[in-house]
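Adding 578 to a residue's 1-based position in the sequence shown gives its number in this note's numbering.
The beta-carbon is built from N, C-alpha and C at its ideal position, and this holds for glycine as well.
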Amino acid sequence: MIALLFLSFLWATPICDNQIVINSNYPELQKFIDKKIKDSSHLVAIASEADAVLSKLIANKSPVLLSWLEKRDLISAKEEEIANQWREYYFENFVLNQYPTNNTKINRSVENLFEQISTRAFDSAFKTKLENILKDVKKQAKDLVLSWVLEIKDKQKIIHKIDTVQLYWFDKIEGSPFEKAPLEFLRWGLAYDPPQNRINVGVEAKSYSSDANYFAVIAHEIGHSIDPCRWSFYFQSPNPFTKLISCLRSDKGAQAKERNDDKMNWAIENHKLTQEMADSLKEHPTCNRSFYPPEGTQKDQILETFADWFSAEVFAKSTYNNQFPRPDLCENKKLSSGSSYLTNTDRLMKVYLSHPNILKKLKPKPNHYCQLN
579 MIALLFLSFL
589 WATPICDNQI
599 VINSNYPELQ
609 KFIDKKIKDS
619 SHLVAIASEA
629 DAVLSKLIAN
639 KSPVLLSWLE
649 KRDLISAKEE
659 EIANQWREYY
669 FENFVLNQYP
679 TNNTKINRSV
689 ENLFEQISTR
699 AFDSAFKTKL
709 ENILKDVKKQ
719 AKDLVLSWVL
729 EIKDKQKIIH
739 KIDTVQLYWF
749 DKIEGSPFEK
759 APLEFLRWGL
769 AYDPPQNRIN
779 VGVEAKSYSS
789 DANYFAVIAH
799 EIGHSIDPCR
809 WSFYFQSPNP
819 FTKLISCLRS
829 DKGAQAKERN
839 DDKMNWAIEN
849 HKLTQEMADS
859 LKEHPTCNRS
869 FYPPEGTQKD
879 QILETFADWF
889 SAEVFAKSTY
899 NNQFPRPDLC
909 ENKKLSSGSS
919 YLTNTDRLMK
929 VYLSHPNILK
939 KLKPKPNHYC
949 QLN
C-alpha cells in the first residue's frame, strides 16, 4: 500500500521552532487518498489479475514471494490477509508503477481513481488562489529583473519566460505529464516542466502552510526557467549569472556542488548512456538527467540552489517579506547520496535567510549573501 501518511517532522534549525510546516488539512487529504487507493486495489478487474499472479507464484514456490511474505511478517498469516496485502502491493508496483497496462478495464479504474483524487484535492477556490499568487509572483519577478544591471536583450528573454509560465492542473491521466508515472501526481507538489514552460501541480502542493509559502515555492519553480541548465539550452547568449553562480558554489556561499562525471565512460560502456547523450551532457555541464549521474554519484546542485536564490530575491521584495519564506524546508529531510539538493537547513540558512531583507524580521546568524551585481 502506498505510504501517504502524515510525516513526523524534526526541525532543521532552531529558527524553525515556531513554524507550521504542514497545512492542517493535508493529513485528512492523505487519509482520503490512502483509502481510495486501498479500495481500488480490491476492484474486480484489479483484484482478479493480482490474485491470478499470486496463485502462479504460490504454485511455483517462488522465492520472491517467500521474501515478500517474510518482510511483511505474513508467513503464518491467513490466506485472506495475504491476498488483501498482495492486492495492494500489486496495485502500486505492477499497475501504478508500470502504467498504462494492457487491461483497459484496469486503466479505466485508474483514470477514475485519479480524477476523484484531483477533484477532492483541487477545488475552484484553491485553483483561484494559486493562479492569483502566480500573477503576484510574475509581477514581482518582472519588476526585479528590470532592476538588474543586465543587457536589455537578456532582460527581455527572462521576462518573456516569466510572462509565459503557466500552472498545469490535472484533468485526466491520458495526455498528462503523469500518464506514464501517475504516482508522481500523488508524490510531487509544484514542479517545473521545461519543454512546456509550465508548473505541474501535484497533490503535495496542498501541504504548504501559508500563502507566503506558496509564493516562495512558485518563485522557486519560475527560477528554474532561467537556471544554468535551462539557460544553456534555451538562450543563445552567454549566461549573465556567471559571477553569482561562482558565489553560490563558493565556500562563503551555499557550497553548491558540481556534477561528477567520473562515471560517464562507465555509463557509455554499460549502455546506460548513448554517445549522443554523453555529448549533450558534456555540452551542458550543469544539467542532470533522471538517469545521469548514476545513483550515488553527485548531481549538480547549482540548479536547485539558483532557483532558491531567485525565489529569495523575489520574496524579499514582496509584501510577504516579513513572513517566513519556506516553512516546508523545516522538515529534517534525509537526502540520497549525490542529491541535486542542498540539505533543507543549508537551503534556509545559506540562501533564503542570507538575504538582508528577509533577515530583518527573522534575525538568524547571517550567512554570506550572494548577490547578482
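Rounding to the nearest angstrom, what Cα-Cα distance links residue 883 and residue 820 in this structure? Along the sequence shown, one-based indexing puts residue 883 at 305. Along the sequence shown, one-based indexing puts residue 820 at 242. Their backbone Cα atoms lie some 14 Å apart in a straight line.
State the DSSP-derived secondary structure class of residue 837, mapped to helix, strand or coil. Position 259 of the sequence shown, counting from 1, holds the residue named residue 837. Residue 837: coil per DSSP, three-state reduction.
Any idea if residue 592 is buried or exposed, counting beta-carbon neighbours within 10 angstroms, 16 or more meaning buried? Sequence index remark: in the sequence shown, residue 592 carries index 14 (1-based). Exposed.
I think residue 778 touches residue 746, with their Cβ atoms under 8 Å apart; what is that distance to the nearest whole Å? The residue given as residue 778 occupies position 200 in the sequence shown. The residue given as residue 746 occupies position 168 in the sequence shown. Yes, residue 778 and residue 746 are in contact; Cβ-Cβ is about 5 Å, under 8 Å.
In chain order, what residues of the same chain have a beta carbon less than 7 Å from the beta carbon of residue 886, not counting five sequence neighbours either side? The count along the sequence shown starts at 1 and reaches residue 886 at position 308. Close CB contacts of residue 886 within its chain, under the 7 Å cut and outside five residues either way in sequence, are with 798, 925, 929 and 930 (chain order).
What is the residue span of the alpha helix (DSSP H) that residue 623 lies within? By one-based count along the sequence shown, residue 623 stands at place 45. First-last of the alpha helix (DSSP H) with residue 623: 622 to 637.
Exposure of residue 864, with buried meaning 16 or more beta-carbon neighbours within 10 Å: As a first step, residue 864 must be located in the sequence shown, where it is residue number 286. By the neighbour-count criterion, in which 16 or more other beta carbons inside 10 Å mark a residue as buried, residue 864 falls on the buried side.
Around the C-beta of residue 583, are 16 or more other C-beta atoms found within 10 angstroms, so that it is buried, or is it exposed? Position 5 of the sequence shown, counting from 1, holds the residue named residue 583. With a pLDDT of only 40 at residue 583, under the threshold of 50, the placement of this residue in the model should not be trusted, and no figure is reported.
Measure the Cβ-Cβ separation of residue 936 and residue 899 and say whether it is below 9 Å. Taking the sequence shown and counting its residues from 1, one reaches residue 936 at position 358. Taking the sequence shown and counting its residues from 1, one reaches residue 899 at position 321. Yes, the Cβ-Cβ distance between residue 936 and residue 899 is below 9 Å.
Give the range of the beta strand (DSSP E) segment to which residue 743 is assigned. Residue 743 sits at position 165 when you count from the first residue of the sequence shown. Element bounds for residue 743: n/a, residue is neither H nor E.
Under three-state DSSP, which class holds residue 607? Locating residue 607 in the sequence shown gives position 29, where the first residue counts as 1. The answer is helix: DSSP assigns residue 607 an H, G or I state.
Can you tell me the Cα-Cα spacing of residue 879 and residue 711, whole angstroms? Within the sequence shown, numbered from 1, the residue matching residue 879 stands at position 301. Within the sequence shown, numbered from 1, the residue matching residue 711 stands at position 133. If you take the alpha carbons of residue 879 and residue 711, they lie about 27 Å apart.
Any contact between the segment 720 to 738 and the segment 801 to 815? By contact I mean 3 or more CB pairs, one from each, below 8 Å. The segment 720 to 738 vs the segment 801 to 815: in contact.
Pull up the distance between the alpha-carbon of residue 667 and that of residue 824, whole angstroms please. By 1-based counting over the sequence shown, the position of residue 667 is 89. By 1-based counting over the sequence shown, the position of residue 824 is 246. Take the alpha-carbon of residue 667 and the one of residue 824: they are about 46 Å apart.
Find out if the Cβ-Cβ distance for the pair residue 741, residue 720 is shorter than 9 Å. Counting from one through the sequence shown, the residue named residue 741 turns up at place 163. Counting from one through the sequence shown, the residue named residue 720 turns up at place 142. Yes; because the gap between Cβ atoms is below 9 Å, this pair is in contact.
C-alpha gap between residue 579 and residue 615, whole angstroms: As a position in the sequence shown, residue 579 is number 1, starting the count at 1. As a position in the sequence shown, residue 615 is number 37, starting the count at 1. Because residue 579 sits at a pLDDT of 45, beneath the cut-off of 50, its placement in the model cannot be relied upon, and the following sentence gives the value as read from the coordinates. Approximately 8 Å between the Cα atoms of the pair.
Straight-line gap, residue 597 to residue 656 (C-alpha atoms, nearest Å): The count along the sequence shown starts at 1 and reaches residue 597 at position 19. The count along the sequence shown starts at 1 and reaches residue 656 at position 78. Roughly 45 Å separates the two Cα atoms.
Within the continuous alpha helix (DSSP H) that includes residue 870, where are the two ends? Sequence index remark: in the sequence shown, residue 870 carries index 292 (1-based). Premise fails: residue 870 is in no alpha helix (DSSP H) and is neither H nor E.
Taking the straight line between their C-alpha atoms, what separation do you get for residue 581 and residue 725? Taking the sequence shown and counting its residues from 1, the one referred to as residue 581 is at position 3. Taking the sequence shown and counting its residues from 1, the one referred to as residue 725 is at position 147. Reliability fails at residue 581, whose pLDDT of 44 lies under 50, so the model's placement of it is uncertain and the value that follows must be treated cautiously. Taking the Cα positions, residue 581 is about 45 Å away from residue 725.
Distance, Cα to Cα, residue 933 vs residue 660? Locating residue 933 in the sequence shown gives position 355, counting from the first residue. Locating residue 660 in the sequence shown gives position 82, counting from the first residue. Going from the Cα of residue 933 to the Cα of residue 660 covers about 54 Å.
On the DSSP bridge assignment, give the partners of residue 771 in chain order. Along the sequence shown, read from residue 1 onward, the residue named residue 771 stands at position 193. The secondary-structure analysis by DSSP pairs residue 771 across a beta bridge with 776.
9 Å Cβ cutoff met for residue 783 and residue 903: Counted from its first residue, the sequence shown places residue 783 at position 205. Counted from its first residue, the sequence shown places residue 903 at position 325. It is not a contact, given that the beta carbons lie outside the stated cut-off.
Pair within 9 Å by beta-carbon distance, residue 571 and residue 834: Since the first and last residues shown for the chain are 579 and 951, residue 571 lies out of range.
Could you spell out where the alpha helix (DSSP H) holding residue 916 opens and where it closes? As a working mapping, residue 916 is identified with position 338 in the sequence shown. Segment: none, residue 916 is in no alpha helix (DSSP H) and carries neither H nor E.
Counting C-beta neighbours from all protein chains within 10 Å, is the total for residue 808 16 or more, i.e. buried, or is it exposed? In the sequence shown, residue 808 corresponds to position 230, counting from 1. When all chains shown are included, residue 808 counts as buried.
If we call anything under 9 Å between Cβ atoms a contact, is residue 791 one with residue 905? Mapped onto the sequence shown, residue 791 falls at position 213. Mapped onto the sequence shown, residue 905 falls at position 327. Residue 791 places its beta carbon less than 9 Å from that of residue 905.
With DSSP collapsed to three states, give me the class of residue 757. The sequence position of residue 757 within the sequence shown is 179, counting from 1. Coil, per DSSP.
Counting Cβ pairs, one atom from each stretch, are 3 or more of them under 8 Å apart for the segment 889 to 897 and the segment 846 to 859? Between the segment 889 to 897 and the segment 846 to 859, the count of C-beta pairs closer than 8 Å stays below three; the two stretches do not touch.
Looking only at its own chain, which residues have a Cβ that is under 6 Å from the Cβ of residue 841, when we skip the five neighbours before and after it? To locate residue 841, count along the sequence shown from 1; it is residue 263. Same-chain partners within the cutoff: 872 and 875.
First and last residue of the alpha helix (DSSP H) that includes residue 798? Sequence index remark: in the sequence shown, residue 798 carries index 220 (1-based). From DSSP, the alpha helix (DSSP H) with residue 798 extends over 789 to 801.
Buried or exposed: residue 617, going by 16 or more other Cβ atoms within 10 Å of its Cβ? The sequence position of residue 617 within the sequence shown is 39, counting from 1. Exposed, since its Cβ has fewer than 16 Cβ neighbours within 10 Å.
Exposed or buried, which one is residue 951 when buried takes at least 16 other CB atoms within 10 Å? Translated into positions along the sequence shown, residue 951 becomes position 373. Result: exposed.
Can you give me the Cβ contacts of residue 870 inside the same chain, cut-off strictly under 7 Å, excluding the 5 residues immediately before and after it? For the purposes of this step, residue 870 is identified with residue 292 of the sequence shown, where counting begins at 1. Closer than 7 Å at Cβ, skipping near neighbours: 845, 851 and 859.
Rank 705, 946 and 621 by C-alpha distance to the C-alpha of residue 690 and give the top, closest one. Mapped onto the sequence shown, residue 690 falls at position 112. Measuring C-alpha to C-alpha distances from residue 690 to each of 705, 946 and 621 identifies 621 as the nearest.
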